[in-house]
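Novice: The following block contains the structure, expressed as structure tokens.
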Ligand SMILES: [Zn+2]
Ligand SMILES: [Zn+2]
């Protein structure tokens, strides 16, 4: 049977598991019931299971009967703090918590893939490691901790694949990209301290708001003048807070924002660049600035060989017309930590029905076309087989 035909044999299973998880969503780092369900399923398949007392998530190891490489597959398992508004029969039973990023689907697809591969254990030359990772949605994320716990070792993972839902791809399609794919995503707080004063006599004080305005504009210009324009660099301000009354000058302005780049090196330059510009402007007006900069998930880069292998495997599984090339995004994902350690490729699983996007991810009416799930299983299954035979 082909990977797609095999995937169809577990379609009821994957939908059932996905709905169970959808109904019982859990926030980052609190995926206790989800972990229990994953562990129970993996044990029933006869896999070696690793879990931790102090951390959610689990890893299932399938040892093939013959020696060979070890292929890793990863799914994220956490939900979001959103009140679900769609009325599906399997609606979230937890107020204010919802699977609005399809991590329920990612988890179910990985379990179903494990089920198919576990049944082929006797003919497998090599191992497959199924990594169920908590807390993708909340930095510092779960991937870093799993790495520290050694999930890529014993046996060492030689190549890793993962999928994420994509609304821009239709049901039945996947999206593939070579090289730099997702951005390093950092956050910062810039605090401007000055003298304040009265709105009627700005010359006697130091007014924070125009200085902040100048800094914000200068930082946008800086991003376009100090970074090679063929590379990517982004700054966005999310909040700005200052002042108490219409006729009082602000003595403090607190701004928060995010910096992003697809290039792993550029984001390391951001803190120095921001501070230099902000300090220059602030000192012109006798104000002070303080920068608190936190590096978040690193840039995610798809490995050339792994992506070639994935593309061929996807064409085998679902046909060339369903394998689309896709473009990078300035979003972040902590799968990046894994892909710094081992070659791998992250790909999009289309979840949009012919009738159009149901609702964007991270919104209260989000849902997937469940017919998409078999495509994910088929491509994962095919990728494992190709990787086991080619590595
Ligand atoms: Zn998300
Ligand atoms: Zn997600």
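In the working numbering, the protein residues as written are 194 to 584. In this text, a Cβ means the ideal position worked out from N, Cα and C, and glycines have one as well.
Roughly how many angstroms separate the alpha carbons of residue 506 and residue 579, rounded to a whole number?
Specialist: Those two C-alpha atoms are separated by around 6 Å.
Novice: So the candidates are 552, 443, 349 and 234; which of them puts its Cα closest to the Cα of residue 393?
Specialist: Checked all of 552, 443, 349 and 234; the closest Cα to residue 393 is 443.
Novice: In this structure, how does DSSP classify residue 209 when only helix, strand and coil are distinguished?
Specialist: Three-state result, residue 209: helix.
Novice: Compute the beta-carbon to beta-carbon distance between residue 216 and residue 267, rounded to the nearest angstrom, for a pair I have assumed lies under 8 Å.
Specialist: Not confirmed; about 23 Å, so no contact.
Novice: Is residue 286 close to ligand 2? I mean its beta-carbon at under 7 Å from any heavy atom of the ligand.
Specialist: Outside the cutoff, so no.
Novice: Quick one: what does DSSP say residue 378 is sitting in, helix, strand or coil?
Specialist: It is a strand residue.
Novice: Using only alpha-carbon positions, find the residue among 514, 214 and 372 that is nearest to residue 498.
Specialist: Closest by alpha carbon: 372.
Novice: Give the residues whose C-beta lies closer than 6 Å to at least one heavy atom of ligand 4, in chain order.
Specialist: In the structure shown, ligand 4 is absent; the only ligands present are ligand 1 and ligand 2.
Novice: Quick one: complete alpha helix (DSSP H) runs, 4+ long, within the region 435-502?
Specialist: Counting only runs of 4 or more, we get 459-477.
Novice: Closest to residue 421 by C-alpha separation, out of 435, 462, 429 and 438, would be which residue?
Specialist: The option with the nearest alpha carbon to residue 421 is 462.
Novice: Count the other C-beta atoms from every protein chain shown that fall within 10 angstroms of the C-beta of residue 329, then say buried if there are 16 or more, exposed otherwise.
Specialist: Residue 329 comes out buried.
Novice: In the DSSP assignment, what are the bridge partners of residue 291?
Specialist: DSSP lists 273 as partners of residue 291.
Novice: Taking only heavy atoms of ligand 2 into account, decide whether any of them is closer than 7 Å to the Cβ of residue 574.
Specialist: No, Cβ of residue 574 sits at least 7 Å from all heavy atoms of ligand 2.
Novice: Do the region 361-381 and the region 501-519 meet, that is, are 3 or more Cβ pairs less than 8 Å apart?
Specialist: Touching, yes.
Novice: Excluding the 5 residues flanking residue 224 on each side, which residues of the same chain have their C-beta closer than 6 Å to its C-beta?
Specialist: The answer, listed in chain order, is 249, 270, 271 and 327.
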